[in-house]
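Here the structure is laid out as structure tokens; the discussion comes afterwards.
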Amino acid sequence: MRTRAKKKLLNLSIRNGYGNINVVVSAPKVCNFTFFGIFIVTIVVPELENVSIRLNNWFVDKNWIDRKKICRRLTNMFPGIANAKNLIFDSESIEALNKISDLLVSLPSPFYNLKFVKLPRGFKESSMSSALRSYLLGGSPKAAIVTKFPQNHGVEDSIADADRARHTDASVEGTDKDQASSSKGRIDSGLWRSHEVNYEFVCLLDRIMQKYPETFEHFTTKNKKLCTMNLNLLCTSLNDFTKISMTSVDSEMIFGYREVFSYLQNLGLNVSWAVNRLKYIEHLRFSKPLISELHSIDCHIDNAKTKLQELQARFDDAKIKQKDLLARLDDAKVKLQDVQTLRMEKLSEIEQAFGTMGTNLAVGFIGDDLLSNP
Ligand SMILES: *[C@@H]1O[C@H](CO)[C@@H](O)[C@H](O)[C@H]1NC(C)=O
84 MRTRAKKKLL
94 NLSIRNGYGN
104 INVVVSAPKV
114 CNFTFFGIFI
124 VTIVVPELEN
134 VSIRLNNWFV
144 DKNWIDRKKI
154 CRRLTNMFPG
164 IANAKNLIFD
174 SESIEALNKI
184 SDLLVSLPSP
194 FYNLKFVKLP
204 RGFKESSMSS
214 ALRSYLLGGS
224 PKAAIVTKFP
234 QNHGVEDSIA
244 DADRARHTDA
254 SVEGTDKDQA
264 SSSKGRIDSG
274 LWRSHEVNYE
284 FVCLLDRIMQ
294 KYPETFEHFT
304 TKNKKLCTMN
314 LNLLCTSLND
324 FTKISMTSVD
334 SEMIFGYREV
344 FSYLQNLGLN
354 VSWAVNRLKY
364 IEHLRFSKPL
374 ISELHSIDCH
384 IDNAKTKLQE
394 LQARFDDAKI
404 KQKDLLARLD
414 DAKVKLQDVQ
424 TLRMEKLSEI
434 EQAFGTMGTN
444 LAVGFIGDDL
454 LSNP
């Protein structure tokens, strides 16, 4: 039973300020770790199930250089948790890693045992750089990126649960293969017009009904089971469809969705509105190269921004160094003046003791003036 298993689990949360903290954990039974902040960790745990990394609020009040440093320190943390099965990121931590993608390219993936990398709600998998993806997944060929753990996976992520509770109204996220059979219980399913559909689809169905009521005009609801399955299918497809970023639209995707929508039409769901959008997207994307050109300009903008930020950081660095050098320069000037004054004083001491000839001879040759013409 899941609940009983949950009680057996040992959870450990560690919170850090900004210091470089070394943590050694030797606890054979702990399987859920939550790190609030960045640590250098050594975890002696044979089965490290879930590791949550949360940098919420870590970047507040930090300048760009410090942020970059923090981002880099994240990578030093990973070798200590290399056997983690599930990695759970909050948006700050995954974005931090995304920012240092150029650095990640040269690093091998530290993880060798991963099953899932869980992204925070609202973070699009498509906005993850390919460098970050291969950094995280490169060492674990079977690993997958998810926004929600599969239901039969057994992972109880209290943070995810909290998120779920907070976002119930906007629940439009990835689905599981077994969701079509909605007999699992009240928690996973919701009621929509007496159909027991997936819980998170209720709002979506409401919205479809409101905006495109014709969708359900010829939808037959005789067989309850089939009806539920088809509604879930509709939602799953639309959910995925609406979240495709314009940059990743290609003809294969267009072709795929054309088939999906025509399949839905055959089920009696009139999704001509979605078909129209698909047509329009195809037109927008492929009738003229303008969108590709825009995307490539956006890439150039990103590169230029990165370059600018780097130079700005170097410039700021140089400014600090220059200030430092100026201070040392002033210091050197004062020191020179001091010893010059000291010399003057010493010469006048010599003059007082030995007269002018003494001072003249003090720094010259002992024969000076001795044989010269008068
Ligand atoms: C589907 O809906 C559209 C309006 O969006 C309508 O023009 C069309 O006739 C409908 N198709 C069927 C088969 O009912």
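Following the numbering used here from start to finish, the sequence shown increments by one per residue and tops out at 457. Built from N, CA and C at the ideal position, the CB exists for glycine as well.
With a beta-carbon spacing of about 7 Å, ASN99 and PHE119 fall inside the 8 Å limit used to define contacts.
A contact between stretches requires three or more CB pairs, one per stretch, nearer than 8 Å, and the region 130-149 meets this requirement with the region 161-170. Exclusion of GLU365 from the 7 Å shell around ligand 1 follows from its C-beta lying no nearer than that to any non-hydrogen atom of the ligand.
Inter-residue distance for THR325 and PHE398 is about 43 Å (C-alpha atoms, whole angstroms). Chain-ordered, the residues whose CB falls short of 5 Å from any heavy atom of ligand 1 come out as GLU297, ASN353 and SER355.
Here DSSP, grouped into helix, strand and coil, assigns ILE449 to coil.
By alpha-carbon distance to SER189, the top candidate from PRO203, GLU208, SER213 and ASN349 is SER213.
The alpha carbon of ILE183 has as its nearest neighbour, out of PHE172, THR158, SER135 and GLN435, the alpha carbon of THR158. For secondary structure counted as the alpha helix (DSSP H) over 4 or more consecutive residues, the region 300-329 holds these complete runs in sequence order: 307-325. The continuous stretches of alpha helix (DSSP H) do not include VAL188, and DSSP gives it neither H nor E.
Short of 6 Å from the beta carbon of THR303, and not among the five residues preceding or following it, lie these beta carbons of its own chain, in chain order: GLY351. Where ILE164 is concerned, there is no enclosing alpha helix (DSSP H), because DSSP gives it neither an H nor an E. ARG276 is classed as exposed because its beta carbon has fewer than 16 other beta carbons within 10 Å across all chains shown. Pairing ILE291 with GLU175, the inter-Cα distance amounts to about 33 Å. ASP333 is classed as exposed because its beta carbon has fewer than 16 other beta carbons within 10 Å across all chains shown.
Straight-line measurement puts the Cα of PHE369 at about 40 Å from the Cα of ALA396.
If you compare the alpha carbons of SER331, THR424, LYS294 and ASN281 with that of ASN315, the shortest gap goes to ASN281. Nearest Cα to LEU197 within the set LEU186, ASP149 and ILE228: ILE228. For SER109, the enclosing beta strand (DSSP E) has its first and last residue at 105-109. THR319 sits away from GLU279, with the two beta carbons spaced by 8 Å or more. If you look at GLU279, you'll find it in the beta strand (DSSP E) that goes 278-281.
The alpha helix (DSSP H) runs of length 4 or more contained entirely in the region 329-356 are, from start to end of the chain, 334-349.
Looking at the backbone, the Cα of GLU432 and that of LEU409 are separated by about 35 Å.
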